[in-house]
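Here is the structure we will look at, set down as structure tokens.
There are 2 protein chains.
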Amino acid sequence: MATGRTHRPATRSRGIPEATVARLPLYLRALTALSERSVPTVSSEELATAAGVNSAKLRKDFSYLGSYGTRGVGYDVEYLVYQISRELGLTQDWPVVIVGIGNLGAALANYGGFASRGFRVAALIDADPAMAGKPVAGLPVRHTDELEAIITDNGVSIGVIATPAGAAQQVCDRLVEAGVTSILNFAPTVLSVPEGVDVRKVDLSIELQILAFHEQRKAGEDAAQTAATPPRVPRTTGGGRKGPDGDVPAVMPA
Amino acid sequence: MATGRTHRPATRSRGIPEATVARLPLYLRALTALSERSVPTVSSEELATAAGVNSAKLRKDFSYLGSYGTRGVGYDVEYLVYQISRELGLTQDWPVVIVGIGNLGAALANYGGFASRGFRVAALIDADPAMAGKPVAGLPVRHTDELEAIITDNGVSIGVIATPAGAAQQVCDRLVEAGVTSILNFAPTVLSVPEGVDVRKVDLSIELQILAFHEQRKAGEDAAQTAATPPRVPRTTGGGRKGPDGDVPAVMPA
DNA sequence: ATGCCTTTGTGAACGCGTGCACAAAGATGG
DNA sequence: CCATCTTTGTGCACGCGTTCACAAAGGCAT
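Structure (structure tokens):
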């Protein structure tokens, strides 16, 4: 059974660290804002605060792209916008398909941040026949049957999955089979893909759970363990510890 | 300009590394699925593949929580579900507010993954007076004027921002002022918050840009190796990366 | 009870990412 | 042309996260 090999062990792509790549869009956004205000140049310090990062980190990130700054002055905004765009591959047009036009899929279709960054929604696809033909964000929803044809006809290599969890893997398989090699997954499932296919996942629930953890910790510091907290099981070696099926409280499942 | 101190330098909370905390929801989801199938125990290897991670990493993650496994057998599913839920703070009820009921806000309001994990949508808030009172996901949309009252009345400590970028910082300030200490930000902006407030951001456009980077790189490698079927034409063939002032097209400013 | 087999828990090594601090590079003014 | 000042680019050290590899621990059969 094909185990999901999703991780990229040392995707240090071509000398550009993954962490740096993840920050480039952040810099690009800040630079675009400066560009719209017709700011000609910007120092690493200014740009760093605008992007919410450390200035040393920003300079090191840029050093992976090349020496695009001028000492004593800073960086030319327009020039840097272009260099980062090129490095990220945004100077070309990326057709994407969005599969699963529920609330989230519709929100994505209407999201303006795509078109402005070189991404073009080639098609909206849904499995519900009743949705077919309905216009969403100015595009008619296509039925899943057409998926393969849409992919090949438009040369789509990036797919967005916004289906329920149960359908995600099946949709993913079809996308990959049709030629998609990058997938943005919003369904709360671990996708299994063959080598060479990139998957990034966005899970709304997971983000909230991480926040809850820190929130609990903050609250716990104020009032030390309010609710009756059964203290962690003392790891007494050999002692009759946790009853595997005895003391487990009622926890609601999904 | 008060720089937003959003990063957590060494938030090694109570000995639990941040990276581990980020994976706990993943484990929890896999365990919940097993629980629904009434699977009594699971080995680290099985659970790891289900969650899409390395088994050694999973065991080390769990070791931060305590010794909850049984050697030679594995982990008790129900017991582990409870322990992780407790550690994440999901055994209590977390009221959240969603501000900005556009396409995305509505999608979030309808998202089932919240309620099932201990999160309760206390209110939907929007600045548009025309939206006020309209039911979305079974809840009437409230106007922004009521924001502070809603926060305090419901004891909300987690807020979700799904407004346009321009309104995000203002909304954020009001949330924080009213007592919110954890924020999930979907607006494409860097939020500036005081010490003690956690911010996590989800940026759809950034994820796509990261995918585009890898996609471009993959296309470049293909084109370099086999000139058979160049799917996407890379900007510069041969992948020579830096050409500081060589092939720069029109965008060049100064 | 004893030995074998399975699986956990973890010590240790390694690699990546971050931040400091400073020398080199260029602009600017006299 | 030289001195000074600003800002970049980076060598270096440190800490976190990941992975390996194995001893310890428990179950199970005999």
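Chains as they are written, first to last, in the UniProt record's numbering: chain X, 1 to 254; chain A, 1 to 254.
Even glycine gets a Cβ: it sits at the ideal position worked out from N, Cα and C.
Does any residue of chain A have a CB that is nearer than 8 angstroms to the CB of residue i?
i        : result
X/VAL141 : no
X/LEU211 : yes
X/ARG117 : yes
X/PRO9   : Annotation note: pLDDT 35 at X/PRO9 (below 50); position unreliable, coordinate value reported separately. No - not a single Cβ of chain A is within 8 angstroms of the one on X/PRO9.
Name the chain X residues that come within less than 8 angstroms of residue i, Cβ to Cβ?
i        : result
A/GLU207 : LEU184, ARG200, VAL202
A/ALA106 : ASN103, ALA107
Using a C-beta to C-beta distance shorter than 7 angstroms, which residues of chain X count as neighbours of residue i?
i        : result
A/SER157 : GLU215
Residue i versus chain A: which residues are under 7 angstroms apart at the beta carbon?
i        : result
X/ARG29  : PRO188
X/ASN110 : ASN103
X/LEU47  : Within 7 angstroms Cβ-Cβ: nothing; X/LEU47 doesn't reach chain A, min ~12 angstroms.
X/GLY113 : PRO188, LEU204, SER205
On a CA-only basis, which of the options is nearest residue i? Give me that one, please.
i                      : options                                : result
A/VAL96                : A/GLN83, A/LEU47, A/LEU184, A/TYR64    : A/LEU184
X/ALA165               : X/LEU90, X/GLY102, X/ILE150, X/ARG59   : X/GLY102
X/HIS143               : X/ALA132, X/ARG37, X/ALA149            : X/ALA132
A/ALA51                : X/GLY220, X/GLU215, X/LYS201           : X/LYS201
X/SER116               : X/ASP93, X/PRO194, X/ILE210            : X/ASP93
A/GLY179               : A/THR152, A/GLY112, A/LEU139, A/LYS134 : A/THR152
residue 306 of chain A : A/PRO135, A/TYR27, A/GLY105, A/ALA107  : The question about residue 306 of chain A has no answer here: the residues shown for chain A are numbered 1 through 254.
X/SER205               : A/ARG59, A/ALA109, A/PHE62, A/ALA48    : A/ALA109
A/GLY113               : X/GLU195, X/LEU208, X/HIS214           : X/LEU208
A/ARG120               : A/ALA167, A/ALA130, A/VAL156           : A/VAL156
X/VAL160               : X/HIS214, X/PHE186, X/PRO17            : X/PHE186
X/ARG37                : X/LEU147, X/GLY66, X/GLU78             : X/GLU78
X/ARG86                : X/ASP76, X/ARG71, X/GLY72, X/LEU65     : X/LEU65
X/ALA130               : X/VAL141, X/LEU124, X/PHE62, X/GLU215  : X/VAL141
X/ASP173               : X/PRO194, X/ARG71, X/SER55, X/ASN154   : X/PRO194
A/SER43                : A/ASN154, A/GLY69, A/VAL53             : A/GLY69
residue 305 of chain A : A/THR41, A/THR91, A/ILE98, A/GLY89     : As displayed, chain A neither begins before 1 nor continues past 254, which places residue 305 of chain A out of reach and without an answer.
X/ALA137               : X/ILE98, X/THR163, X/VAL197, X/GLY118  : X/ILE98
residue 265 of chain X : X/ALA149, X/THR91, X/LEU104, X/GLY15   : Only positions 1 to 254 of chain X appear in this structure, which leaves residue 265 of chain X out of reach.
A/LEU24                : A/GLU46, A/VAL73, A/LEU90              : A/LEU90
A/ALA33                : A/LEU47, A/ARG217, A/ALA123            : A/LEU47
A/SER35                : A/TYR75, A/VAL53, A/SER55, A/ALA22     : A/TYR75
A/ILE158               : X/SER55, X/GLU18, X/THR181, X/GLU215   : X/GLU215
X/GLU146               : X/VAL53, X/VAL73, X/ALA123             : X/ALA123
X/ALA167               : X/GLY118, X/VAL199, X/GLY196, X/GLY100 : X/GLY100
Residue i versus chain A: which residues are under 9 angstroms apart at the beta carbon?
i        : result
X/LYS218 : SER157, THR181, SER182, GLY196, ASP198
List, in order along the chain, the chain A residues whose C-beta lies closer than 8 angstroms to that of residue i?
i                      : result
residue 290 of chain X : Residue coverage of chain X in this structure runs from 1 to 254, which leaves residue 290 of chain X outside it and unanswerable.
Are any of the Cβ atoms in chain X nearer than 8 angstroms to that of residue i?
i        : result
A/VAL176 : no
A/PRO231 : Note that A/PRO231 scores a pLDDT of 35, beneath 50, so its modelled location is shaky; the value from the coordinates is reported in the next line. Answer yes: the Cβ-Cβ gap between A/PRO231 and chain X drops below 8 angstroms somewhere.
A/ALA122 : no
Closer than 7 angstroms to a non-hydrogen atom of the ligand PLP - does that hold for the CB of residue i?
i        : result
A/ALA187 : Within the structure as shown, the ligand PLP is missing, as the structure has no ligands at all.
Next on the checklist: To test your reading of the DSSP string, which unbroken alpha helix (DSSP H) runs of 4 or more residues are found completely within the UniProt domain "CoA-binding" (89 to 190) of chain A?
Outcome noted: 103 to 110, 112 to 115, 147 to 154, 165 to 178
Checklist entry - Which whole runs of the beta strand (DSSP E) in the segment 49 to 96 of chain X are 3 residues long or more, in chain order? => result 74 to 76
Checklist entry - Can you list, in chain order, the residues of the segment 14 to 25 of chain A whose Cβ is nearer than 8 angstroms to any Cβ on chain X? => result ARG14, VAL21, ALA22, LEU24, PRO25
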